[in-house]
Amino acid sequence: MSGILVIAEQRRGQLRPVSLELIGAATGFAAAQRAAGAAAPDDADLRVAVAVLAKDPAAFVPALSVSGVDEIVTVPVATPEFDPDTFESAIAALIDARRPGLVLIAHSVDSFGYAAALAAARGFGFATDVFKIERIDGALVATRGGYGQKVNVEVDFPGRDTVVLAVRANTFKPPDTPAAPLVTSFTPPAVSTRTVGGEFVEIAAADAVDMTTAEFILSIGRGIGEESKIPEFRALADAVGATLGCSRPIADAGWLPKSRQVGQSGKTASACKLYIAMGVSGAIQHLAGMKHVSTIVAVNSDAEASIFGVATYGIVGDIFDIAAELRRHF
Amino acid sequence: MKILVAVKQVSTLEEDFEIRADGRDIDPDFLIHDLNEWDDFSLEEAVKIKEAAGAPVEVLAVSVGPDEVDESLRKCLAKGADRALRIWDDAVLGSDPIAIARILAAVARREQPDMLFAGVQSSDQAFASTGIATAGFLGWPHAAVVANLRYAPGDKTAVLRRELEGGVLQEVTIQCPAVLTIQAGINTPRYASLRSIKQAAAKTIEVLSLSDLNLATTDVGEAGSLSRVRRMLVPPKSRAALIEGSAAEQARKLADIIREFKGVAP
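Here it is, written out as structure tokens:
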């Protein structure tokens with residue numbers, strides 16, 4: 052086994068930001084091994100290679116040329132966008148050719164579509180939604196959440212020479228220093244695909260709201276309990292001058308349009324500076340869209356709700372009481 | 731025609747819980763069980779397809795787990811599944827999603843469904859792996875995070891939309907039979923009527939052993955898994971500064987935070 056292989060992710064001609072975070076995870080892991088004296092500085096096991104699969108992979112070389120990357124492997128594939136059969140086959144061939152000890156991929160919608168099938172078919176060590184990677188007593192240990200993120204779960208991979216880890220986005224710091232790594236190319240075997248990717252469709256905004264530009268968001272979650280409570284919180288958001296947002300269950304139920312959903316499959320609160328979450332438990336997919344906000348206030352009746360893990364201020368209490376009292380001030 | 735729906739009984743933690751003596755899982759006394767939220771949607775999708783089909787379609791709910799999982803399978807029967815099948819052996823303990831997928835693949839080989847649905851992920855462990863790993867073992871086409879589906883049993887292809895990050899969907903055409911992982915929100919799951927709950931209670935849940943599926947004990951459990959739980963621990967407590975007091979006091983402080991943000995004097 053040799054080296055760390057990072058699989059970069061691109062969509063519609065753009066490198067997805069998580070790709071650089073994966074490089075950060077790989078270089079951070081390698082640096083920790085070196086610092087611990089567990090490996091020589093030039094140890095081949097800590098060499099970081101980044102592969103990018105695309106119709107024209109060379110286009111992504113500049114964006115991937117960052118510090119800590121020893122090699123960029125361009126992998127030309129027939130399909131312009133993600134395709135499960137193409138990715139499984141090409142990545143399997145790449146792993147066969149290079150025998151990496153560790154393969155880092157994004158925990159993303161694309162990897163949901165191929166990684167488990169690849170690992171199952173080839174018997175690679177495998178864990179998803181990983182937010183910590185370390186070596187303990189010589190064994191590779193990955194940490195992920197369990198039981199709705201209430202506990203941390205450390206997993207290891209006894210007897211597996213190659214371990215594939217799907218890494219959580221917005222967790223590892225991307226390197227920001229440009230570099231000039233070696234660039235090589237790998238031509239994967241031809242594959243007959245059983246799916247055909249078609250058009251991309253943007254979810255149309257049902258109203259004029261743009262969650263990505265809102266600076267002040269008041270978000271509601273499952274805790275509001277029923278649709279009849281929506282007007283009350285809409286009025287509260289209007290009164291305090293906030294944009295009304297929501298978590299996934301509210302949009303799924305059709306109580307608010309999908310365009311107001313904050314989170315991984317919804318919108319990212321990119322411009323937000325104050326985020327008030329009322330009755331939002333804090334599923335990891337929701338946190339992905341808002342945990343970066345500088346001031347987060349969480350209001351929830353469950354003191355153990357994971358939203359408090361990312362909040363600046365926490366109010367443990369009844370959201371309807373707090374909403375009613377808050378209304379008196381505006 | 732047959733649609734196999736793989737379901738999981740998930741566990742949430744009691745407010746106060748204890749980690750098992752070996753440190754590798756939660757003490758089962760502190761777990762509350764329910765049908766996985768995503769599976770409610772995949773089951774509904776299968777039942778909708780059955781109801782819209784011209785020819786008879788069987789919806790088969792399948793779960794891997796001990797006796798107590800019958801409760802979730804009865805829920806599936808009450809919501810429109812025609813049959814329910816459960817697989818268990820004590821050797822399954824310690825299985826990761828890949829080992830569970832190996833069992834589901836063996837069930838699919840036996841039952842020969844036209845389509846296999848699973849939830850995108852489970853609400854407790856959120857692996858997002860079981861459905862697609864099942865496809866890997868079967869060698870079937872697969873698609874994950876399906877938020878829209880056009881398919882009738884017997885069709886050679888299905889047209890679906892994958893829900894990508896950032897509010898974008900991609901349309902995909904896939905050959906059948908296939909494994910699809912179904913996203914929450916794809917439909918509105920029905921409530922079971924009192925009558926259907928009663929009927930479900932009278933139905934038999936088929937139980938299979940590993941040997942019924944030609945699986946060995948080493949195909950499951952830790953031996954059949956690609957990862958092993960080493961340790962479970964409670965993460966460091968939240969960093970939120972708690973605003974204490976009555977609702978009125980808490981709201982007043984929240985109002986101050988809002989005014990400060992807006993640059994208005996309190």
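Note that the protein sequences, when read in sequence, are chains W and D. Using my numbering, the first residue of the first sequence is number 52, and each one after it goes up by one. Using my numbering, the first residue of the second sequence is number 731, and each one after it goes up by one. Every residue gets a Cβ at the ideal spot worked out from N, C-alpha and C, and that includes glycine.
Residue i at chain D interface by Cβ criterion, 8 Å
{"i": "Met52 (chain W)", "result": "At Met52 (chain W) the pLDDT is 48, less than 50, meaning the model places this residue with poor confidence and gives no usable figure here."}
{"i": "Val260 (chain W)", "result": "no"}
{"i": "Thr222 (chain W)", "result": "no"}
{"i": "Asp180 (chain W)", "result": "yes"}
{"i": "Asp303 (chain W)", "result": "yes"}
{"i": "Ile254 (chain W)", "result": "yes"}
{"i": "Ile58 (chain W)", "result": "no"}
{"i": "Phe138 (chain W)", "result": "no"}
{"i": "Lys385 (chain W)", "result": "For residue 385 (chain W) there is no data in the structure shown, the boundaries of chain W being 52 and 381."}
{"i": "Phe267 (chain W)", "result": "yes"}
{"i": "Glu376 (chain W)", "result": "yes"}
{"i": "Gly272 (chain W)", "result": "no"}
{"i": "Lys324 (chain W)", "result": "yes"}
{"i": "Asn203 (chain W)", "result": "yes"}
{"i": "His380 (chain W)", "result": "yes"}
{"i": "Asp372 (chain W)", "result": "yes"}
Test: residue i CB closer than 8 Å to a CB of chain W
{"i": "Asp854 (chain D)", "result": "yes"}
{"i": "His872 (chain D)", "result": "yes"}
{"i": "Pro907 (chain D)", "result": "no"}
{"i": "Val950 (chain D)", "result": "no"}
{"i": "Leu894 (chain D)", "result": "yes"}
{"i": "Gly810 (chain D)", "result": "no"}
{"i": "Gln900 (chain D)", "result": "yes"}
{"i": "Pro965 (chain D)", "result": "yes"}
{"i": "Ile987 (chain D)", "result": "yes"}
{"i": "Met962 (chain D)", "result": "yes"}
{"i": "Ala821 (chain D)", "result": "no"}
{"i": "Ile756 (chain D)", "result": "yes"}
{"i": "Lys992 (chain D)", "result": "yes"}
{"i": "Val837 (chain D)", "result": "no"}
{"i": "Arg804 (chain D)", "result": "no"}
{"i": "Gly954 (chain D)", "result": "no"}
{"i": "Ser825 (chain D)", "result": "no"}
{"i": "Ile833 (chain D)", "result": "no"}
{"i": "Ala782 (chain D)", "result": "no"}
Buried versus exposed call for residue i [16 or more other C-beta atoms within 10 Å across all chains shown]
{"i": "Gln929 (chain D)", "result": "exposed"}
{"i": "Val99 (chain W)", "result": "buried"}
{"i": "Ser852 (chain D)", "result": "buried"}
{"i": "Val964 (chain D)", "result": "exposed"}
{"i": "Thr179 (chain W)", "result": "buried"}
{"i": "Gly849 (chain D)", "result": "buried"}
{"i": "Gly248 (chain W)", "result": "buried"}
{"i": "Ile335 (chain W)", "result": "buried"}
{"i": "Met52 (chain W)", "result": "Confidence at Met52 (chain W) is low in this model, with a pLDDT of 48, below 50, so the placement of that residue is unreliable and no value is reported for it."}
{"i": "Ser976 (chain D)", "result": "exposed"}
{"i": "Ser236 (chain W)", "result": "exposed"}
{"i": "Arg925 (chain D)", "result": "exposed"}
{"i": "Thr194 (chain W)", "result": "buried"}
{"i": "Glu60 (chain W)", "result": "buried"}
{"i": "Asn351 (chain W)", "result": "buried"}
{"i": "Thr860 (chain D)", "result": "buried"}
Residues sharing a beta bridge with residue i, DSSP
{"i": "Thr887 (chain D)", "result": "D:Gln905"}
{"i": "Pro127 (chain W)", "result": "W:Ala105"}
{"i": "His763 (chain D)", "result": "D:Ser741"}
{"i": "Asn944 (chain D)", "result": "According to DSSP, Asn944 (chain D) bridges with nothing at all."}
{"i": "Val160 (chain W)", "result": "DSSP, once it has assigned bridges, lists no residue as partnering Val160 (chain W)."}
{"i": "Arg98 (chain W)", "result": "DSSP lists no partner for Arg98 (chain W)."}
{"i": "Ser270 (chain W)", "result": "W:Gly296, W:Ala328"}
{"i": "Thr235 (chain W)", "result": "W:Val124"}
{"i": "Met962 (chain D)", "result": "W:Val204"}
{"i": "Ser793 (chain D)", "result": "D:Arg816"}
{"i": "Asn878 (chain D)", "result": "D:Arg891"}
{"i": "Val367 (chain W)", "result": "W:Asn351"}
Chain A contact for residue i (CB, 8 Å cutoff)
{"i": "Met731 (chain D)", "result": "The structure shown has no chain A; the protein chains it does contain are W and D."}
Contact belief for residue i with residue j at Cβ below 8 Å, rounded distance in angstroms
{"i": "Ala814 (chain D)", "j": "Glu936 (chain D)", "result": "7 Å"}
{"i": "Gly199 (chain W)", "j": "Thr742 (chain D)", "result": "6 Å"}
{"i": "Pro786 (chain D)", "j": "Met731 (chain D)", "result": "7 Å"}
{"i": "Thr346 (chain W)", "j": "Thr319 (chain W)", "result": "Not really, about 17 Å apart at Cβ, beyond 8 Å."}
{"i": "Thr947 (chain D)", "j": "Leu956 (chain D)", "result": "Contact flag wrong, Cβ pair sits at about 17 Å."}
{"i": "Arg63 (chain W)", "j": "Phe251 (chain W)", "result": "7 Å"}
{"i": "Gly340 (chain W)", "j": "Gly317 (chain W)", "result": "6 Å"}
Can you list, in chain order, the stretches of the beta strand (DSSP E) that have 3 or more residues and sit fully within the region 291-356 of chain W?
294-297, 325-329, 346-351
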